[in-house]
Amino acid sequence: MMDSTDPAIEERVNRAIQYLRANPTAKKRSAAKEFNISRHRLNRRISGILPKGGRHASNAKLSEPVEVALCRYIDRLDKMNLSIRKEFIRDAANLILRGQSSPTSHRDPPTVGQHWVDRFIKRHKYSVLPQRIREVDRQNAETIRNVTTYFEQLYDCITDYGIVESDIWNMDETGFRIGMGKSRMVVTRRPRASYLGMPTNRESATAIEAISAGGSYTPVFLILTGAVHQSAFYRIPELHDDAAIAVSTSGFTNDELSLEWLKHFDKHTAQKTTGQYRLLIIDGHGSHHTVEFIQYAEDHRIILFGLPPHLTHILQPLDVVVFQPLKHYHAKALDVLVRDGCLHITKSEFLATIESVRRQAFKVPTIQSAFRKTGIVPWNPQPILDQIQALHPTSPREVTTPPPNNLSSSPFDTPYTVRHLKKVASKIDDLQEALGELQPALKTEMDRFIRGALVQSTELRQTMRDLARTKMAEDLRKQRKVGKNRPLQSGGVITVSDGRRMVRQSDKNALEAARQMVERAAVRSRNALKRQFEATAKIARKKRLDGVLEPLYIVDAEGCGRYLRRG
């Protein structure tokens, strides 16, 4: 007879077992009768046989020890604020099953069923909570308790793994509209609004960035909209060799590209690591929480630490400080392109400016300020807690960033000719004083002439500068268009150095193909001339045999001549 799993009965069984352990001379029959349970059930429990509801199913996909290990893995990631979703548990279970299957088997490895995850969650008493969207939750998240818990967990993680300050990294994605700038304040005498014709290329691009508390940052990792890598991307001299370019149909990141970025990050930071581990602070994007992403991080001593939901605008260094100047300099670069006469901003213009934009935004003081303002390095959570305490629950919150350095956007020189003209004007004034009083009318006309010359020369200098900038920008755009824009690869990620090597090989192949084409054309031309000559000679021989033409007379090198019998 199958055991009943009535909790009340099982409670009486447990009390009976405790009674027998406390009274070794007592009989099982008497204990069963005393606690109103069957002796058979009591014997089974004493033997270690659990009721069916408490036993691991014999036909379960994963064994009980494996499920316990999976639970511990989930608990550890949850403690590090990595959002665990149902699909993550399913992927982890299927990964375990693939590892357990025989590599020589020709059948597909087993996978868990449609409802396995729900049963797993219920079996191990997990809760499934909704991850709601933004505004209300952002306000609810901005509490002293949530922020304090985050800093306590971060501190435990840093101390448990012995993380060195320079090995603390923060990564995040930021999006760009390739041809979209932003409104700016302009100086004008006109009362109406001032407009600048701005190209509106709304095509998206994503940059995945990482900065360290030591002030360093990784080479750029860009995701462009599209399905194919074009050779024009890798002909742009402004791009660094260690930059990486990926393509996706949306222009945004996905699970595969996030994993490729993690490999890119590992490649460029592994040799710079001071301690044994690198700490990577990440947000809650689902592509950062896949099994493959987490497994690669563990295999390469990268400790992932997730930021709490809805608090990245206060706690994430990139969001709090760095991304604002990055967007500022990108908009400024677009403004310069438009003013230099670029009427259509494409991926090539975006790629040609991105390194300069990053160089201006990712300065060591700016990066270190990002970690300081978020209380991480040096360790000082109190200002953030004070900020949370001071926030009004219904008022909008803004994250203030240090003003970006006021760098010139133009490489052009000071107008020396205007300065020289000013010196001449100053000398004329000195001469006027030395010569004494001049006629008032003459002095007035000379002053008017000098002022007019200064105004016109200054305006001419500015006009010449604008023309020079426009010509330089046009020359650069023409250089980017040199050579055919051939497709290099469909999908995936290519570093700029590999892309340039592929472009050189493609150009070499194209040159070789062109050379072979010219050679084939030359051979065809020679053969055509040969056939034409032979046909003409054949006609001439026939005419000479018919007496229409005289016999062919040939003179050799020594000047001796003879008639050719045939020919």
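Its first residue numbered 60, the sequence shown is counted upward by one per residue in the working numbering. Heads up, the beta-carbon is just placed ideally off N, CA and C, and yes, glycines get one too. Keep in mind that this is a model prediction, so the values were computed, not measured.
Between which two residues does the alpha helix (DSSP H) harbouring residue i extend?
i	result
E70	P66 to A81
T207	I203 to Y220
G558	V555 to L604
F421	Where F421 is concerned, there is no enclosing alpha helix (DSSP H), given that its DSSP letter is neither H nor E.
N55	Summary: the structure shown does not reach residue 55, with the chain confined to residues 60 through 626, and so no result is reported for it.
K138	E123 to K138
P442	Q441 to A449
Q354	V350 to D358
I180	W175 to R182
L370	Note, L370: premise wrong, no alpha helix (DSSP H); not H, not E.
Buried or exposed for residue i, going by 16 or more other Cβ atoms inside 10 Å?
i	result
L316	buried
P452	At P452 the pLDDT is 49, less than 50, meaning the model places this residue with poor confidence; the figure from the coordinates comes in the next sentence. P452 comes out exposed.
R251	Its pLDDT being 48, under 50, R251 is placed unreliably by the model, and nothing is read from it.
Q289	buried
T323	For the record, residue 323 in the displayed sequence is His; it is not Thr. H323 is buried by the Cβ-count criterion.
V245	Its pLDDT being 40, under 50, V245 is placed unreliably by the model, and nothing is read from it.
A152	buried
Y612	exposed
Y214	exposed
F292	buried
T349	buried
K184	exposed
E69	buried
D378	buried
A266	buried
L608	exposed
V614	exposed
A616	exposed
S106	exposed
H403	exposed
G618	exposed
F592	exposed
W438	exposed
N140	buried
For residue i, write down the residues that DSSP places opposite it in a beta bridge.
i	result
I270	N229 and Y276
S97	None; S97 has no bridge partner.
L283	A264 and V306
L363	L339
F235	A264
V552	A305
Along the chain, where does the beta strand (DSSP E) that runs through residue i open and close?
i	result
S549	P546 to S549
Got a sec: is the Cβ-Cβ distance from residue i to anything in chain B below 8 Å?
i	result
R166	Going by chain labels, chain B is absent from the structure shown, which holds only one protein chain.
Counting beta carbon pairs with one atom in the segment 153-165 and one in the segment 357-365, are three or more of them shorter than 8 Å?
Touching, no.
Beta strand (DSSP E) runs wholly inside the segment 289-319, at least 3 long, in chain order:
Runs of the beta strand (DSSP E) spanning 3 or more residues and lying entirely within the segment 289-319 occur at 303-307, in chain order.
If we count Cβ pairs, one from each stretch, closer than 8 Å, do we get three or more for the segment 439-451 versus the segment 281-299?
Contact fails: fewer than three Cβ-Cβ distances are below 8 Å.
Can you confirm whether the segment 73-93 touches the segment 137-149 when touching is taken to mean that 3 or more C-beta pairs between the two stretches lie within less than 8 Å?
Note that the segment 137-149 does not touch the segment 73-93; fewer than 3 beta-carbon pairs, one per stretch, sit closer than 8 Å.
Counting Cβ pairs closer than 8 Å, one from the segment 337-356 and one from the segment 118-128, do we hit at least three?
Taking 8 Å as the limit for Cβ pairs, the verdict is that the segment 118-128 does not touch the segment 337-356.
Counting Cβ pairs, one atom from each stretch, are 3 or more of them under 8 Å apart for the segment 326-341 and the segment 224-232?
Per the Cβ contact rule, the segment 326-341 is in contact with the segment 224-232 (3 or more Cβ pairs under 8 Å).
Segment contact, 8 Å Cβ cut-off, at least three pairs: the segment 299-314 with the segment 274-283:
Yes, they touch.
Can you confirm whether the segment 405-425 touches the segment 370-377 when touching is taken to mean that 3 or more C-beta pairs between the two stretches lie within less than 8 Å?
Too few Cβ pairs lie closer than 8 Å, so no.
Does the count of Cβ pairs from the segment 421-435 and the segment 260-272 closer than 8 Å reach three?
As far as the Cβ criterion goes, the segment 421-435 touches the segment 260-272, which means the pair count is three or higher.
Pairing CB atoms from the segment 161-179 with CB atoms from the segment 206-221, are three or more of them under 8 Å?
Between the segment 161-179 and the segment 206-221 there are fewer than three inter-stretch CB-CB distances shorter than 8 Å, so the stretches are not counted as touching.
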